DNA sequence: ATCTTAAACTTGTTTAGACAAGTTGTCAAC
DNA sequence: GTTGACAACTTGTCTAAACAAGTTTAAGAT
């Protein structure tokens with residue numbers, strides 16, 4: 149048996165998504181959850197805390213947990229989600245064109261210094277991809293994956309899903325990422341791959357992804373057509 | 149005595165900020181924290197979970213809690229932080245020009261429909277401000293505050309800090325916000341207030357802020373100079 | 001020297017209970 | 001009718017204990 153709190157979380161989330169618990173109404177009280185799922189109160193509270201953290205409910209002391217009007221899927225969403233996972237959630241025809249693949253090149257560290265990367269240039273595998281959505285090229289992804297973590301990256305994994313390969317085949321435990329969003333003028337490569345006019349802008353998302361043992365292993369620069377870029381965020385006010 | 153977990157969190161965070169616990173090193177173990185602070189293990193774990201959630205540490209089972217190389221302050225940062233709070237953290241001379249103030253106008257709902265707002269046009273107080281940083285106008289903030297929550301908003305509060313007024317004077321309990329970032333062509337008002345050229349782009353952040361009882365009360369459209377815009381995010385990979 | 005095993009650490013999960021504190025409705029006193 | 005006190009709900013905080021599971025080290029057998 150594994151992780152009751154997570155099971156309760158999944159079940160409640162599913163019921164919220166399916167409108168069993170509608171926005172504006174209250175979830176069962178903590179004591180009711182104990183009986184419903186046969187768990188202790190603290191276990192139920194962990195599930196509720198997770199739901200609150202992710203913006204699905206708002207807890208109100210003395211009253212209960214109210215379901216928040218929640219956002220539909222957006223592209224790209226906050227959090228670490230792979231392109232393939234996103235595409236599956238949405239109803240879009242999507243294509244993935246690998247137009248660059250180089251092994252044993254040097255990580256362009258200066259590109260990620262603003263994200264706190266202070267490592268000497270390390271050997272990486274460099275991948276360039278264009279994401280084509282509904283027949284239109286919208287995103288350029290430039291990935292740099294540390295050779296020390298992934299010595300031999302199959303080209304097929306780049307064409308399919310890097311994350312599925314990292315987690316499924318290699319058993320890597322991806323834990324967290326820091327990302328930075330800026331707006332920059334489109335360069336020649338952007339204009340060519342995304343079919344942009346001169347003077348166009350792109351939204352640039354640079355991110356560093358780390359494993360559960362806190363070692364960074366993947367560096368990504370993602371360049372989006374300005375008119376198609378949309379980023380969603382849910383944040384709680386930290387007290388004091 | 150109030151909230152031991154939060155006290156421990158604050159103390160650990162302070163020590164991390166001051167490099168008492170340096171990036172790459174381990175915090176005291178959970179059992180050691182029990183002795184250090186005279187708390188139970190679960191209480192200490194809550195403090196650690198919060199630190200992990202906010203990207204300060206990474207917990208590794210069997211080993212301990214390692215301090216993550218963490219980001220310096222950025223502008224604007226993720227989360228809900230008021231402009232004034234941000235400005236105080238950074239060493240910038242900042243100015244706040246109120247150039248629009250209207251009471252009892254109608255909330256432009258269509259502007260926030262993509263954030264899940266489905267209320268009929270409600271009476272609001274509308275404020276327009278320009279944020280001047282180091283002598284340069286960088287951001288336009290358009291705020292719409294529900295009259296039903298804040299019946300009479302002093303113009304002085306707009307010139308100083310809305311959040312300080314909401315929380316300090318009115319005792320409102322601000323809980324969470326959803327925000328959306330897009331890139332849009334600058335309009336006439338942008339060009340005038342931010343002194344932009346024709347063809348320029350702006351980064352637009354639209355947000356809906358809600359109170360602890362889950363009622364939305366503040367709607368903001370924030371328009372940033374493209375070249376000065378920067379957004380930081382820390383995200384954890386959700387399992388399964 | 002090498003391998004195996006076990007002990008002693010670490011974090012992860014769950015329980016049962018206690019008390020504090022906010023909300024709501026009821027009922028009695030006025 | 002209005003008010004106030006109380007009971008019965010709700011969530012918030014904290015504790016002590018137990019067991020599972022991953023990591024490291026050291027002792028012991030080979």
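Protein chains in written order, with this note's numbering: chain A, 149 to 388; chain B, 149 to 388.
C-beta atoms are modelled at their ideal positions from N, C-alpha and C, and glycine is treated no differently.
Since the model is a prediction, treat every value here as computed from it, not as a measurement.
Under 9 Å Cβ-Cβ, which residues of chain A neighbour residue i?
i: residue 284 of chain B; result: Near residue 284 of chain B there are no residues of chain A at all, since even the closest Cβ is about 16 Å away, more than 9 Å.
i: residue 324 of chain B; result: 200, 203, 206, 216, 382, 383, 384 and 385
i: residue 327 of chain B; result: 379, 380, 381, 382 and 383
For residue i, which residues in chain A fall below 7 Å Cβ to Cβ?
i: residue 351 of chain B; result: 331
i: residue 277 of chain B; result: Chain A residues near residue 277 of chain B: none, gap ~20 Å exceeds 7 Å.
i: residue 377 of chain B; result: 330 and 331
i: residue 374 of chain B; result: 331 and 349
Of the residues the options, which one's Cα is nearest the Cα of residue i?
i: residue 235 of chain B; options: B:361, B:281 and B:172; result: B:281
i: residue 367 of chain A; options: A:377, A:214, A:325 and A:337; result: A:325
i: residue 171 of chain B; options: B:204, B:316, B:208 and B:256; result: B:204
i: residue 150 of chain A; options: A:191, A:160 and A:183; result: A:191
i: residue 335 of chain B; options: B:177, B:319 and B:372; result: B:372
i: residue 377 of chain A; options: A:183, A:330 and A:303; result: A:330
i: residue 361 of chain A; options: A:332, A:242, A:304 and A:297; result: A:297
i: residue 277 of chain A; options: A:299, A:340, A:173 and A:193; result: A:340
i: residue 208 of chain B; options: A:209, A:323, A:193 and A:258; result: A:323
i: residue 241 of chain B; options: B:283, B:161 and B:344; result: B:283
i: residue 364 of chain B; options: A:217, A:364 and A:233; result: A:217
i: residue 315 of chain B; options: A:386, A:268 and A:259; result: A:386
i: residue 344 of chain A; options: A:285, A:182 and A:299; result: A:285
i: residue 173 of chain A; options: A:233, A:182, A:206 and A:357; result: A:206
i: residue 313 of chain A; options: A:182, A:232 and A:162; result: A:232
Tell me the DSSP secondary structure of residue i in three-state form.
i: residue 273 of chain B; result: strand
i: residue 217 of chain B; result: coil
i: residue 164 of chain A; result: helix
i: residue 253 of chain A; result: strand
i: residue 267 of chain A; result: coil
i: residue 388 of chain A; result: Residue confidence is low: residue 388 of chain A scores 46 on pLDDT, short of 50, so the model does not pin down where it sits. Its coordinate-derived value is still stated next. Reduced to three states, the DSSP call for residue 388 of chain A is coil.
i: residue 327 of chain B; result: strand
i: residue 179 of chain B; result: helix
i: residue 336 of chain A; result: helix
i: residue 150 of chain B; result: coil
i: residue 309 of chain A; result: coil
i: residue 350 of chain B; result: strand
i: residue 370 of chain A; result: strand
i: residue 314 of chain B; result: helix
i: residue 383 of chain B; result: strand
i: residue 447 of chain A; result: What is shown of chain A runs 149 to 388, which leaves residue 447 of chain A out entirely.
i: residue 192 of chain A; result: helix
i: residue 261 of chain A; result: helix
i: residue 341 of chain A; result: helix
i: residue 204 of chain A; result: coil
Report back the beta-carbon spacing between residue i and residue j to the nearest angstrom; my notes put them in contact at under 8 Å.
i: residue 230 of chain B; j: residue 311 of chain B; result: 4 Å
i: residue 321 of chain A; j: residue 294 of chain A; result: So it is not a contact: roughly 15 Å between Cβ atoms.
i: residue 246 of chain A; j: residue 195 of chain A; result: With a Cβ gap of about 40 Å, residue 246 of chain A and residue 195 of chain A do not count as contacting.
i: residue 374 of chain A; j: residue 348 of chain A; result: 7 Å
i: residue 255 of chain B; j: residue 292 of chain B; result: 5 Å
i: residue 185 of chain B; j: residue 215 of chain B; result: Incorrect: roughly 18 Å between the Cβ atoms, too far for contact.
i: residue 212 of chain A; j: residue 177 of chain A; result: 6 Å
i: residue 328 of chain B; j: residue 263 of chain B; result: 6 Å
i: residue 338 of chain A; j: residue 287 of chain A; result: The Cβ separation is near 10 Å, so there is no contact.
i: residue 239 of chain B; j: residue 279 of chain B; result: Rounded, the Cβ-Cβ distance is 16 Å, inconsistent with contact.
i: residue 187 of chain A; j: residue 237 of chain A; result: Residue 187 of chain A to residue 237 of chain A, Cβ: 29 Å. No contact.
i: residue 179 of chain B; j: residue 189 of chain B; result: 7 Å
Cβ closer than 9 Å: which chain B residues qualify as neighbours of residue i?
i: residue 346 of chain A; result: The premise fails here: residue 346 of chain A is roughly 10 Å from chain B at the closest Cβ pair, so nothing lies under 9 Å.
Strictly below 7 Å CB to CB, what residues from chain B border residue i?
i: residue 361 of chain A; result: 208
If contact is defined by three or more beta carbon pairs under 8 Å, each pair taking one atom from either stretch, is the region 353-367 of chain B in contact with the region 189-201 of chain A? no
Kindly confirm or deny that the region 164-183 of chain B and the region 373-384 of chain A touch, where touching means at least three C-beta pairs closer than 8 Å. no
Given 8 Å, three or more beta-carbon pairs between the region 267-279 of chain B and the region 249-258 of chain B: Contact check between the region 267-279 of chain B and the region 249-258 of chain B: three or more CB pairs, one atom from each, fall below 8 Å, which counts as touching.
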